[in-house]
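*Asks:* I'd like to ask you about the structure that follows.
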Amino acid sequence: MSIASAAPSLSPAELRSVFEGNTQDELVGIEIESAALDPRTGTAIPYAGESGIGAYLAALAAEPGVEAVHDYGTLVGVRLPDGGQVSLEHGGAVEYSSPPARCVADLMDLVHAALRRLAAAADRFGFALVPGAQYPCTAFEDVRWMPHSRTAIMRDHFESLGREGMWGPRIMSMILSTQVSFDYTSPADLAEKLRVQAAASTPAAAIFVNAPLENGKPCGALSRRMQFWSLADPARTRVVPVTLREDFTIDRFIDWALGLPMIHRGTPDGSRKRVPPVPFGTLLTDGFEDGTRPTLQDWRDHLSQIFPDVRLRDTLELRAVDGLPYPALAAVPAFWSGLTYDASARAAVRDLLRGITPGQHLEALDDIALRGMDATLAGRPVRDLAAELLHLSETGLRARVTAGLERPETLAYLAPLQEVARTGRTFAEHTLDRYHRDPARFPRDYVAAHRVPSAVRAG
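Counting in our numbering, the sequence shown runs without a single skipped number right up to 738 at its last residue.
Written out as structure tokens, the structure is:
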């Protein structure tokens with residue numbers, strides 16, 4: 280009998296335990312990726328050098344109460360005293376992850392204060408932190424790859440897929456996201472919220488399109504980011520068909536996830552190791568090459584290596600929409616909170632989007648990437664659907680304000696999205712207007728308009 284066959288496997292109950300819902304709170308968290316850019320050229324900042332991102336992280340780590348985070352001996356992030364974190368994406372984006380907050384307004388108080396402190400530190404190193412949905416002026420050939428132990432593994436994974444992984448390295452290095460996380464309180468609550476979020480993610484994406492550039496020039500689409508996601512291992516990205524089913528259960532999701540290969544696994548020395556491309560369910564039976572079987576941590580890691588529009592782990596993470604400029608950041612958690620944390624809004628979203636197939640969602644995502652609010656979903660104008668979702672979000676937020684669960688100023692956070700719905704002019708189209716006014720000055724103007732203001736410059 281082999282060591283692997285003698286080792287215990289994860290039971291169905293253990294696989295489900297990740298999703299049992301261990302809170303009665305409904306908190307909200309956010310992850311904001313900001314490009315580290317040269318303010319004059321709009322191009323990416325490297326890790327190395329006295330003014331590089333590595334030196335920047337070292338300065339952050341030297342502040343009182345801040346804890347350095349290393350990857351196989353290399354500084355790649357910090358933990359902040361309030362529970363927030365700063366980490367690096369593969370192409371050098373600086374990601375701020377907030378601690379969970381009671382409501383959206385409390386969350387944004389944390390976010391604005393933290394980002395301005397991080398921007399003030401970046402100022403001292405001569406670069407700007409610029410949220411949004413993409414690196415505006417960096418060509419793929421000029422990407423500044425960060426020293427993560429998993430970077431080469433992920434690039435190899437995407438390249439091994441051929442055409443279906445062709446945009447994966449660009450996903451790793453050239454796009455930005457603003458992702459919001461929500462709680463679920465039980466398996467039934469999980470199923471209800473996930474179905475609504477999965478269905479709403481497609482039409483919602485149209486309101487947020489914000490990536491019309493490639494290498495500093497218009498790319499012909501309104502969201503190059505969304506286009507990149509279409510060929511970055513489609514089996515584990517964008518629409519997960521099972522999450523749109525009326526009879527969704529967590530066991531159906533687990534069965535789907537067990538059919539996907541794990542990509543990499545942690546090692547005792549802190550690095551990551553490539554895993555043979557077999558389904559995770561097969562690993563439960565046959566074990567890894569070293570004779571061990573997956574642990575619960577391996578299962579959690581596997582779930583983190585799945586990248587759909589709504590990622591399910593111990594929270595629900597909304598990933599579909601493009602990130603927004605700094606002044607509009609609060610619109611992202613406000614929009615999703617109104618739809619997610621109000622039962623009447625959830626019911627209305629289900630009725631609005633019932634019966635749309637996974638294939639129709641995928642067709643619409645491709646159309647939205649090109650045409651934004653002018654796209655269609657299952658033969659219906661996306662602009663109408665997006666406007667109705669925005670109305671339902673506002674209604675949900677108003678109900679939460681009335682119940683004392685949100686502060687009244689949260690309603691104003693939706694204003695940038697309401698302007699898009701009213702005019703049909705997206706963030707991407709405003710960026711294109713800025714480009715066409717003065718292409719030569721565009722990089723400098725883009726950074727100046729979109730950078731996070733430092734605590735000093737913000738007054």
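C-beta atoms are modelled at their ideal positions from N, C-alpha and C, and glycine is treated no differently.
1) List the residues that DSSP assigns as beta-bridge partners of residue 407.
2) How about the region 628-648 and the region 676-694: do they share at least three Cβ pairs that are nearer than 8 Å?
3) What did DSSP end up calling residue 732 once you bin it into helix, strand or coil?
4) Go ahead and pull the three-state DSSP assignment for residue 692.
5) Based on the DSSP secondary-structure assignment, which residues constitute the bridge partners of residue 586?
6) Within a Cβ cutoff of 8 Å, which residues of the same chain sit near residue 348, ignoring the five residues on either side of it in sequence?
7) Considering only residues of the region 607-659, which uninterrupted alpha helix (DSSP H) runs meet the minimum length of 4 residues and lie entirely inside it, listed in chain order?
8) Label residue 503 either buried or exposed according to how many other C-beta atoms from any shown protein chain fall within 10 Å of its C-beta, with 16 as the threshold for buried.
9) Just list the residues that DSSP pairs residue 346 with in beta bridges.
10) Could you tell me if residue 738 is buried or exposed, where buried requires 16 or more neighbouring beta carbons within 10 angstroms of its beta carbon?
11) For residue 440, which option in 475, 423, 511 has the closest C-alpha, if you only look at C-alpha atoms?
12) In the DSSP assignment, find the unbroken beta strand (DSSP E) run with residue 459 in it and report its ends.
13) Using a Cβ-Cβ cutoff of less than 8 Å, which residues in the same chain neighbour residue 472 once the five nearest sequence positions on both sides are dropped?
14) Within 10 Å of its beta-carbon, does residue 707 have 16 or more other beta-carbons around it, so buried, or fewer, so exposed?
15) According to the neighbour-count rule (16 or more other Cβ atoms, all chains shown, within 10 Å of its Cβ), is residue 685 buried or exposed?
16) Measuring CA to CA, which of 487, 393, 318 is closest to residue 598?
17) Looking at residue 314 and residue 332, is the spacing between their C-beta atoms short of 8 Å?
18) Return the CA-CA distance between residue 330 and residue 615, expressed in angstroms with no decimal places.
19) Report all residues from its chain with a CB closer than 8 Å to the CB of residue 425; omit the five preceding and five following residues, and keep chain order.
20) The beta strand (DSSP E) spanning residue 366 covers which residue range?
21) Check residue 376 in the structure and name its three-state DSSP category.
22) Once you ignore the five residues that flank residue 709 on each side, which residues in its own chain have a CB closer than 8 Å to its CB?
23) Let me make sure I understand the geometry here. Which of 530, 481, 307 has the alpha-carbon closest to that of residue 665?
24) Is it a yes or a no for the region 526-546 touching the region 451-459, going by three-plus beta-carbon pairs under 8 Å?
25) Note down, in chain order, each residue of its chain lying with its Cβ closer than 6 Å to the Cβ of residue 477, except the 5 sequence neighbours on either side.
26) Counting only runs that start and end within the region 533-568, where is the beta strand (DSSP E) found for 3 or more residues in a row?
27) Mind checking which residues open and close the alpha helix (DSSP H) that includes residue 510?
28) Let me know the secondary structure DSSP gives residue 420 once reduced to three states.
29) Excluding five sequence neighbours on each side, which residues of the same chain lie with their C-beta closer than 6 Å to the C-beta of residue 398?
30) So for residue 430, helix, strand or coil by DSSP?
31) Mark residue 360 as exposed unless 16 or more other C-beta atoms lie within 10 angstroms of its C-beta, in which case mark it buried.
32) Please report how far the alpha carbon of residue 411 lies from the alpha carbon of residue 570, in whole angstroms.
33) Exposed or buried, what is residue 299 when buried is set at 16 or more other beta-carbons lying within 10 Å of its beta-carbon?
34) What residue from 341, 489, 567, 637 has the CA that sits closest to residue 611's CA?
35) Taking the alpha helix (DSSP H) that residue 471 belongs to, which residues open and close that run?
36) For residue 261 and residue 587, I'd like the C-alpha separation in whole angstroms.
*Replies:* To lay it out plainly:
1) 316
2) no
3) coil
4) helix
5) 516
6) 354, 355, 356, 357, 358, 364, 366.
7) Within the region 607-659, the runs of alpha helix (DSSP H) at least 4 residues long that lie entirely inside it are, in chain order, 610-619, 622-632, 637-650.
8) buried
9) Note: residue 346 sits in a beta bridge opposite 358.
10) The pLDDT assigned to residue 738 is 41, lower than 50, so where the model puts this residue is not dependable, and the model offers no usable value.
11) 511
12) Where residue 459 is concerned, the enclosing beta strand (DSSP E) stretches over 457-461.
13) Once the five neighbours on either side are set aside, the close Cβ partners of residue 472 are 461, 463, 595, 619, 625.
14) Per the 10 Å Cβ criterion, buried.
15) With 16 or more other Cβ atoms within 10 Å, it is buried.
16) Answer by Cα proximity: 487.
17) no
18) 37 Å
19) Around residue 425: 326, 332, 355, 367, 368, 369, 370, 371.
20) 364-367
21) strand
22) none
23) 481
24) No, they do not touch.
25) 522, 523, 589
26) The qualifying runs are 543-545, 551-553.
27) Element bounds for residue 510: n/a, residue is neither H nor E.
28) The answer is helix: DSSP assigns residue 420 an H, G or I state.
29) 408, 731, 733
30) helix
31) exposed
32) 44 Å
33) exposed
34) 489
35) 466-487
36) Residue 261 lies beyond the range of the chain shown here (280 to 738); nothing can be said about it.
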